[in-house]
Each structure stands twice: as structure tokens, then as C-alpha cells.
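**Student:** Chains as they are written, first to last, in the numbering used here: chain A, 10 to 398; chain B, 10 to 398; chain C, 10 to 398.
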Amino acid sequence: MNTRSWILSSIDRELHVETFSIDDDDVKGTPKGWSVRKRTLRGGRREGVDVIEIDNGAIEVTLIPSRGMGVWQAIAEKDRLGWQAPIRGPVHPRDVDLGEPSGLGWLDGFDELLVRCGLESNGAPEFDDDGRLRYPLHGRIANQPADEVTVTVDSDRGEIRVSGIVDEVRFHFLKVRLHATWVTRFGESGFRIEDEVENLSASPAEVQMLYHVNIGVPLLDAGAQLVAPAHTVVPRNDHAATTVDSYDSYRGEEAGYEEQVYFYKMNAAGDGQTRVLLKNAHGTQGVSLVYDARRLPCFSQWKNTTAAVDGYVTGIEPATNFPNPRSFEGDQGRVIVLEGSGRTSLGLGVEWHRDAKAVASGEARVLKLQAGRTPKVFKKPQSGWCADA
Amino acid sequence: MNTRSWILSSIDRELHVETFSIDDDDVKGTPKGWSVRKRTLRGGRREGVDVIEIDNGAIEVTLIPSRGMGVWQAIAEKDRLGWQAPIRGPVHPRDVDLGEPSGLGWLDGFDELLVRCGLESNGAPEFDDDGRLRYPLHGRIANQPADEVTVTVDSDRGEIRVSGIVDEVRFHFLKVRLHATWVTRFGESGFRIEDEVENLSASPAEVQMLYHVNIGVPLLDAGAQLVAPAHTVVPRNDHAATTVDSYDSYRGEEAGYEEQVYFYKMNAAGDGQTRVLLKNAHGTQGVSLVYDARRLPCFSQWKNTTAAVDGYVTGIEPATNFPNPRSFEGDQGRVIVLEGSGRTSLGLGVEWHRDAKAVASGEARVLKLQAGRTPKVFKKPQSGWCADA
Amino acid sequence: MNTRSWILSSIDRELHVETFSIDDDDVKGTPKGWSVRKRTLRGGRREGVDVIEIDNGAIEVTLIPSRGMGVWQAIAEKDRLGWQAPIRGPVHPRDVDLGEPSGLGWLDGFDELLVRCGLESNGAPEFDDDGRLRYPLHGRIANQPADEVTVTVDSDRGEIRVSGIVDEVRFHFLKVRLHATWVTRFGESGFRIEDEVENLSASPAEVQMLYHVNIGVPLLDAGAQLVAPAHTVVPRNDHAATTVDSYDSYRGEEAGYEEQVYFYKMNAAGDGQTRVLLKNAHGTQGVSLVYDARRLPCFSQWKNTTAAVDGYVTGIEPATNFPNPRSFEGDQGRVIVLEGSGRTSLGLGVEWHRDAKAVASGEARVLKLQAGRTPKVFKKPQSGWCADA
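#1: Taking 8 Å as the cut-off, does the segment 174 to 193 of chain B touch the segment 82 to 97 of chain A (at least 3 CB pairs, one atom from each stretch)?
#2: Would A/Pro20 pass as an interface residue toward chain C - the criterion being a Cβ-Cβ separation below 8 Å?
#3: Is A/Val368 closer than 8 Å to A/Thr293 when the C-beta atoms are compared?
#4: I'd like the list of long-range same chain contacts for B/Leu305, defined as Cβ closer than 8 Å, with 5 residues on each side in sequence excluded.
#5: Assuming contact is defined by CB atoms lying nearer than 8 Å, are C/Gly57 and C/Gln153 in contact in what I supplied?
#6: Find the residues of chain B that neighbour C/His181, judging by a C-beta separation of less than 7 Å, and give them in chain order.
#7: Let me confirm a value: B/Asp34 is counted as buried when at least 16 other C-beta atoms fall within 10 Å, else exposed. Which label applies?
#8: In chain order, which continuous runs of the alpha helix (DSSP H) of length 4 or greater are located wholly inside the segment 194 to 268 of chain C?
#9: Assign A/Ala67 to buried or exposed, taking buried as 16 or more other Cβ atoms, counted over all protein chains shown, within 10 Å of its Cβ.
#10: With B/Ser350 as the anchor, note down where its beta strand (DSSP E) starts and where it stops.
#11: Taking 8 Å as the CB-CB limit, is B/Ala237 close to chain A?
#12: Excluding the 5 residues flanking B/Val344 on each side, which residues of the same chain have their C-beta closer than 8 Å to its C-beta?
#13: How would you write the range of the beta strand (DSSP E) that A/Arg76 sits in, first residue to last?
#14: Using a cut-off of 7 Å between C-beta atoms, extract the partners of B/Arg304 located in chain A.
#15: Nearest to B/Arg201 by alpha carbon, out of B/Glu168, B/Thr39, B/Met275 and B/Ser212?
#16: Name, in chain order, the residues that DSSP records as bridge partners for B/Asn152.
#17: Could you tell me whether any Cβ in chain C is nearer than 8 Å to the Cβ of B/Asp301?
#18: Mind pulling the chain C residues with CB within less than 7 Å of A/Arg103?
#19: With a CB to CB cut of under 6 Å and the five nearest residues on each side skipped, what residues in its chain are close to B/Ala398?
#20: Name the DSSP bridge partner or partners of A/Cys126?
#21: List in chain order: all unbroken beta strand (DSSP E) runs of 3+ residues lying wholly within the segment 337 to 393 of chain A.
#22: Just by C-beta distance, which residues in the segment 362 to 379 of chain B are closer than 7 Å to chain A?
#23: Hey, could you find the ends of the beta strand (DSSP E) B/Asp64 is sitting in?
#24: Mind checking if C/Ala133 is an interface residue toward chain B, Cβ cutoff 8 Å exclusive?
#25: If contact means a Cβ-Cβ distance below 9 Å, which residues of the segment 50 to 67 of chain C contact chain A?
#26: List, in chain order, every chain B residue whose beta-carbon is nearer than 9 Å to that of A/Glu168.
#27: Could you confirm whether any beta carbon from chain C is found closer than 8 Å to the beta carbon of A/Lys184?
#28: Return helix, strand or coil for A/Arg13, following the three-state DSSP convention.
#29: So the alpha helix (DSSP H) B/Ala317 belongs to, where does it begin and stop?
#30: Assuming C/Ser18 and B/Gly52 make a contact with CB atoms under 8 Å, what is their CB distance in whole Å?
#31: Starting from the C-beta of C/Val386, find all residues in its chain whose C-beta is less than 6 Å away, skip the five residues before and the five after it, and write them out in chain order.
#32: Using three-state DSSP, classify C/Arg89 as helix, strand or coil.
#33: For B/Gly148, which residues in chain C fall below 7 Å Cβ to Cβ?
#34: So if DSSP puts B/Ala83 in a beta bridge, which residue, or which two residues, is it bridged to?
#35: Give me the Cα-Cα distance between B/Asp163 and B/Asp21, rounded to the nearest whole angstrom.
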């Protein structure tokens, strides 16, 4: 077996690697052209952010251990999968004030292709009866540093894996650990997230997870479409309801556009697997998310087709819940309950379709899942789905 | 042309210079005795703060790129222009909690000679109807790190320039950029701030700016005086009103002194230029601020003649507005409206008068502007001027 | 005299030592086997935390200048004095949001053997009438960096001393400085804290101090006992009242255990000296705190015998006050009033008993102080003692 592992940062071992670079010379039996390197960014609000850049021979992906093992972007030739946020990220968590009374501090660090939202909560901020912040927007996990960061190259499986642990722990309160793993195969135009969430406490805990996958230019364009095996579609609020008839297609840039969100239940295969496709207007570029709808039964589509400089982007977001305030979701039972020391597995695959053929193939797989069924599209927000309904 | 530029920190170029030092040997045609160096401070709450120290042959000025390109102090021989704050600054923004519920976190980093207050707001904290912080004291810009930091030495113009960009950006909210430039001439006892504020958004934005220039010992003393071409003077609140008759003069140190603030409208030349002078009791030391009263129509004088150990200081503050809560100032129209992608220029000159002759010359220029007119001095806070009136 | 001092970090001298290591070769006349080293931790939320590790020949103690000169742990052979918090500390203050609206951010950094709580306040968070945080849990001092950090080895007194200053300063508000000193003797199984609190302001100030000494496994176990010269014991709230009959003994691990707190007044010797002992069930391990009950008249016993993974620990806490909300304590006069520029001395000794004989000796000293007196144990929270009564 030709498997090698490198530990880049470990509190357990009191070890921290400043810079790191390996390539096909370093592991026998691997194809040419892959590499992994780690470095620390400098300047502005990215000062001190560690990134790991993995080139699998087909795409180059940047992971951010400093930001909860989020995925910053993927690059292939001149294309970029991700989006251009108005901030100059990636932003160090020490520059993100999750505890700002508004609960919106999370926005100051948001510029990833894939950002995990959780683990105590995700969704809109929630306040107690005294007006004090109780659950900040999208939770804490994305702004916690990873540790025990390890790179593994496995020539037998043909994989590069990067893993780390990210703790969301407060004494007397929630104590959970994300075991985050990112995996790609040599030459693959995509990657997978293989997470485990562990309850460190001896007492039960409730967690949520939303995978916030964000796509802007060049993939997103006027006429882009979300092809999903939708069982049900519900506009989040009255504003989203106004254009519910075109929920699955995207507009071009529009200054001042107010975001619109649609909640989905997806059809899935018998084993729970489902997939959604976002494709551009001409069907020449696309991205599919592949996941288990039993574990991630709620899907949100976030349209933010504002001006490019304001962040032209859509979020496609498989999750354990809808991003309503935490208490509302709890009342609906949309949380994962972990026993003391319990664990759960969560994750998704991201397939980047870089030509019309790949897009068509991705679309065919969605349509096969849908099997001709017509989604139930509600014209108005629905009770039990929408906090505002 | 003999102009040389050095980039010290650039996200665009992925470049960050750890230490930097140039002097008259490095640019042809420049006089002897100037230097520029950059270093990073260590220890306490200054850990990691980058400073740039410019000696123009006459004065040595310390800029703080880490703190929004503020001006920490100026030194000439044994004199210091600035003040002794009770904190041991300059303080790293990561040690300043702007989002503290009180809205007063800004105070924890305040020790500069010149600190910009803005850009979304400045002035007193404001809260929403639920008591949650909406606008923190004096805004966010002073606690944002600069980037694209560049030093330019221009022997033709005889200038040293230091510029950088400082972003105040939140997704879905305000997205503005300060293009901050600090300029001095070789041998000059002073400097200029040449700022531009750019709206990064495609939608309109409102901004405010207050240049908070802070002077303590040795310049400020019992009997020091503010010589200003005042058109109108208004005490901010009843407490300031109690001593409005001596608004333009300063007391010595007084433990427990409660701050007093006066709002001014200044007379100006036909081109909008105006100037104010702060001089010590004997007229042997002074500092003038020179600025365009059309762009900075509001001036605040902040008296804080408390004990030295508590921060004996005055603020002389040309601004777009008075430092009332943001909503009040908005209702009065005291904001700058920028169109999508719009820009505005703002700035001021600081002249440090280091002998009686220079002070007298500065005073003569103020008196010429005033042209014998008597200011209207209100005895009480005025509606439309003062949030408390 | 053979005394040597090393300055590890000084803003005054613009000096910061990256790593530091001395031992018995470095100071004449000292015994073999001691050493002091300083290093900076990397990774996770400990990134950038400076620690000083002192081996006095008998025990190795870790101090955390980055966290207000707290004492992280003591190690002797395979034993550890301290506790295992659910977080992976020590945590950098820049990762602790004291200003979080809940006032509970302090918990995110809490994992020390000895952490100072103060100086403006300690105890439960307090909010103003608008629900805004006024005093965060346990105050600010433990999350301020030390500076002027100095190591002194004195062969005449046979001591190693580590000192530093820690400022808790806000312009317009409290401005106090902790002069923190930690002292041990060569070969001693213990150490002393010799603090001074200085009011930097010219105006009077009120301060509080609580020494939060935290002990978990292996010392704390089922049947462990607090042997204290108690004059009076009061359960903090009704929950603590339910088991007040066994206030002085400890249970084993119990998942979901809700913390219980008892407030004590201690008997003391004529010079004010008193001491309490925590011993394990078999009396083979113990720790005594020795302090002046005139300066620290209030003692809290915090029982948190939850599951090990949730933080099985007790706090034994000599203080100027009880950890009630600040206003309540102020109303009871349980604050130290410092005149302008005034100072006060505070501190305690920690004796680690590592065998049955040492435990017995420690217990005998407590019993001698108690002199057979029976403590008054209230069955219910008492007015004037307990904010909830």
C-alpha cells in the first residue's frame, strides 16, 4: 500500500508546519501533475489565514483550515468555481465578530465556495425576549480554526484527503466537534466532503448543518437554471413568492436586487441519494451537488443576482434544516439529536461540469431521479416551512 | 523624473514586506536626512501592529496601516504632537471590540494624533428599538487594516507619500473603500491627508467622515486657546453650556473633569478653504488644521482637560457632520451621498507651529479669514445642531 | 547577591523575546534541576499564546502571560494540578469575545488552574435596563495580555519570580493595572501569587478580585472533601440548598450535574491568615490555599462534578466579594475602593500536597484555625449574601 500522511498542525503533538509542499515525486505510484501545498496569507483581514492548495491534476482547490476547513474556491485553467464577494478574503476569524449584537457579523467573513453553517444553529439570527442575540447568523463553525490538520495521499485509492477537527465548544453549553474531511481523486473535476459531527459531551446534544455552496460568475449568468428533482418548492417569504413562477431560473446582474430564497424537498433514489444541477444559460458549464436526502432532507436555493460588485451569487444548500431561526426549526424537529458521545455522518459531493457533455450527463441523472414527476410549487410561504408564514 | 515607489503590503500582488527601510541614498535628487521605515510592534495589545515611521528631515511621523492608516504621533526634537492616552497603544484592531453591546469598544483603541471616524457613521453610539447596537461610537474605519500600502518618494515634487486602501464592507450592507493618502514635503513641519472615499457598490451609499485630531501635552496647557474663524458656536449639551463663555480657551489638568464639546460653523475663503489654530498659553507652540469647509462643513471642539493620567487632551475635528447619533445627523442631511461606484475627496492639512513666529503667522491667517466678524455664540444647545436639544 | 533578571517582553523598552531558556547554569549559587523557558504556542485557538514554563526542581508550572498571567497548570511527575476543560486551551484572548451580548464569552477561554476574575467586576453577567451587557461574566482581566514580563532568579532568597503588568483600561472609564507576580522557591511543591492592583486614574476607582482556583482529576474524586475553617456557609441558590448538608464533600462524575455554589466566611488567625484544604477521598493528595481573610473576606466553593468530558472540576475561590452581579455586590460594599493613584495588595499561596503526610499536615493547620468551632450552615440562600435570595 502506498499511502503517506503528513500532519500540518496538531495541538496533540505540539506541531505546526509553517509551509508545506508535496507533489507526485513524494508518493510512489501516483500520476504526474498533482501537488499539495500549505501557506499562510498576509495582509488585511487575511493576515494569518492558513490555506491548503490541492491540485489533483485537473482542478486546484483551496481549503481554509483557519476557517473551519471551508472550501475557498476551485480553479481549472481560466475558470473559477466560487464567487467574488465584496470583501477581500479569506478573512481571519479573529476579524469576524460573531457576537455582534445584530447577529450579522458572520457576513464579514463570507466569501467561500463552500462554507458549513452550524453546528448549534444556522439560519437567520435569533434573539431572546430581552433583544439579546441568542443564535448568530449561520452559527459558529465556519469561524473556528481547524487543528489536527492532516494530508493523506493514497495511491491505491487514487485519492488526496485533507482532514482536520474543528471544535464548537462552550463550557456549560454545546460541546461538539466537526471531523472534517475533504477528498478528491487524481484527475477528477470535483471533490467530496465527508464529515462527522461528534458530541464531546456525555449529555445529549442537538446540532444542525447546512452546506452553503456558492456560485457566481462565470458559471452563474442570466438564464442559468437550477435543475433539481424537486418534490416540493416553497417561497421563503412574500418577496420570494412574487417570482415563484421562475424559481428555477436566474436573472442577470441587477443593482439593488433583494435576495430571494426557495425551500425544497427533493425526490431521491431508494438509498436516499439525490442530486441537483446548476447550469449556465447555454448549458456549457455546471455544477452538481450529490448527497443523501435522508441525512440532508432540506434544501435551500438562495438567489442573490445583484450587481457583480455587490456579490452576484446563488447559494445551493443541502441541509438538515431550513435556515429559519433556530427555535422555529427546533419546533419542527429539524435538528439532529446526538446522544452523549454520539456521532453522525454528513457530507456531499461536488461535481464541476466543464463542458456541455458533462452538463448534459449531470442533467440526465437529475431527470432520471425526478422520473417525470411534477413538483408541487407553492405560491405562498407555508406554515411549518417558513418562519414568516 | 525621480519618483520611486515601494509596495509594502498588497493582497492583489500577494506581497507583504516584513521590514522596510529607505533613506536619502535611495532616491536621487532628494535632500539629506529623510527616511522611511516600516516595522511590526510586539507585545501587549500592540502585538502585530504595523507602523510606518517617516522622517522628512524636520519631523518624524508614525502612521498605522494596521489601524486604518491613522497618524499615531509626530515627533520633532524633544517635542511630541499627539497625546498620552491611558492605554499603551497603538492597539491592534483584533483587540478592539467594536461590536460590544455598549457601542463604546472603540475607546479601547483610541490613542492617535489623527484618527478617522466613519465611514458609515461617526459620533455617539446609537441603538435600535430593541436596545441593540446599531452604530458603534465613531464607526469602523479606524479599526480596519489597510492594504495595498505604498510608499512613494517624489524628488520632483519634493514629497513623501504613503497610501493604502481601507475597506469598510459588509455583504448586503455598506461597501465603501477609503483610499487614504498621507503626504509630507521634505523639511516641512506638517503633513496633509488626501483621502478619497469610493462606493464599491452599484447602489447609492451614504457616508460620513470626521477627522479626530487630538492634542495633549506639551502643546495643550492651561490658557491654551482655539483660534477659529467661527461663524456660529453651539454647546453640545447643557454641561457644555455651563462654560460656553470660555469655549475657546482651555483649563489645566483637573481630575474628574467631564468632557465638553462645542459645535462650530466656520467662516471660509471664497474657495471654501478655512483654518483653525490651537496654540498654547504663551503662543510658542501651535497646530493649525487647514481644510475645505464646503466638504467638511461641521467642526467639533472636544475638551477633555482631565488629569494627565486620565488623558488630558482636546480634539479638534473637521467633519462632514456633528458627532451626534447617526439617525439624527441623517435627518439633518449631514451625510455624503455617493452614487453607485461614486467617489468623493476629503482631507486636511496639519501644520505644526514650533515657535512663536510660526504661531503668530498661523493666527494671522485665521484672523484674516475671520475679517473681524463676531461669532454667534449660542448659550444653549440648539435644535438641529444637537441631538440633546 | 546573586540575583539575575531577564525581561521577556516590554513595551517600554520595545523588546520582545521570541524564545527563552535558562537553567541552573545561568545563576550562581542555585540548586540543580530548575529551569525557566518561554515559548509561543501554535494552532487552533492557542495560536500566538505565550507561555512560561517554570520547573523549580519539584514541580513544573505553566504561566500564561497572554492570558493575564494566569496559571495554566502544575505538573509533578505524572500528576497534574489543574483540570481538563472541554476546550483545547490555553486560548488566545483574541478568540474570546468578552463583549458577546450574553456576557458569557469568558467561558470560551476558561481552562486554567488559577484564573483571576476582575478587576472592574467578577461574578455573573449583569445587564442594564435595556438588556445590554454591562458587566461580563468574571470580568476582563484574564483576557488581557501581560507586558513588562520579567523573570527573576534570586539565589539568596532561593526564589524564582515571574512578574508582569496587565492593564484593564478604558478611556473615560476604569483605568487599573494589575502588577502580577508569581513566586516559587526551589524545590517547593507550591507557589504564591503576590499581586498589586494600581489605580492609574487620578480619580477614585472600585475594583474586585476573585482568585478562581480550579481542581479536577486526579485530585478531585468521589469523596473528596473541602476542609475549611468555616464561620458561615450559605448556599448560593435553591439548587445549591438542596444538598447543603453535604456541602463540604464531592460526588463522582455525573453527566448532566448542575453546578452548585456555596459562599463562605472563614475563621482566621489574629493576623488575618487563613487556609483551606481540598483533599481527595483517601487523603493522599491535596491542595491548600493560604491567604489573608481581611483582604479576601469572601470565599466561594464551586462544585461542577459533571462528566469528565464536560469538565469535572471544583473551584475554590478566595475573593474580595461573592460572584454575584456587580451592582448587588456594590450595594453590599464588597468592593475595594482605591483613591486616585492608589494601590492595594492581594494574593494567595498554593500548596500542593502530594502524599498523605502532607495532606494530614495541611488538614491539621486548618483544624487549628477552626479550633473546634462549628460553622453556621444556612439551609437557604441568605439576603445580603445571595443575589437570588
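Beta carbons: idealized from backbone N, C-alpha and C, even for Gly.
**Tutor:** Walking through what the data contain:
#1: yes
#2: The residue asked about is misnamed: residue 20 of chain A is Ile in this sequence, not Pro. With 8 Å as the cut-off, A/Ile20 counts as an interface residue toward chain C.
#3: One thing to note: A/Thr293 has its Cβ within 8 Å of the Cβ of A/Val368.
#4: Met218, Tyr220, Pro327, Ala328, Thr329, Leu355 and Leu357
#5: no
#6: Those are Leu116, listed as they occur along chain B.
#7: exposed
#8: At a cut-off of 4 residues, the continuous stretches assigned as alpha helix (DSSP H) that sit fully inside the segment 194 to 268 of chain C are 247 to 250.
#9: buried
#10: It is not in any beta strand (DSSP E) - B/Ser350 carries neither H nor E in the DSSP assignment.
#11: no
#12: Cβ within range, chain order: Glu215, Val216, Gln217, Thr329, Asn330 and Glu338.
#13: Element bounds for A/Arg76: n/a, residue is neither H nor E.
#14: Neighbours of B/Arg304 on chain A: none; closest Cβ ~25 Å, over 7 Å.
#15: Per the Cα distances, B/Glu168.
#16: Partner(s): none; B/Asn152 has no beta bridge.
#17: No - not a single Cβ of chain C is within 8 Å of the one on B/Asp301.
#18: Arg103 and Asp104
#19: Pro390, Gln391 and Ser392
#20: A/Leu219
#21: 345 to 347 and 352 to 362
#22: From the segment 362 to 379 of chain B, no residue has a Cβ closer than 7 Å to chain A.
#23: Asp59 to Asp64
#24: By this cut-off, C/Ala133 is not an interface position.
#25: The segment 50 to 67 of chain C vs chain A, Cβ under 9 Å: Leu50, Arg51, Gly52, Gly53, Arg54, Arg55, Glu56 and Gly57.
#26: Those within 9 Å of A/Glu168 in chain B number zero; the least Cβ separation is about 29 Å.
#27: It does; some Cβ of chain C falls within 8 Å.
#28: strand
#29: Ala317 to Gly320
#30: 5 Å
#31: Val242.
#32: strand
#33: The premise fails here: B/Gly148 is roughly 16 Å from chain C at the closest Cβ pair, so nothing lies under 7 Å.
#34: B/Val70 and B/Leu90
#35: 24 Å
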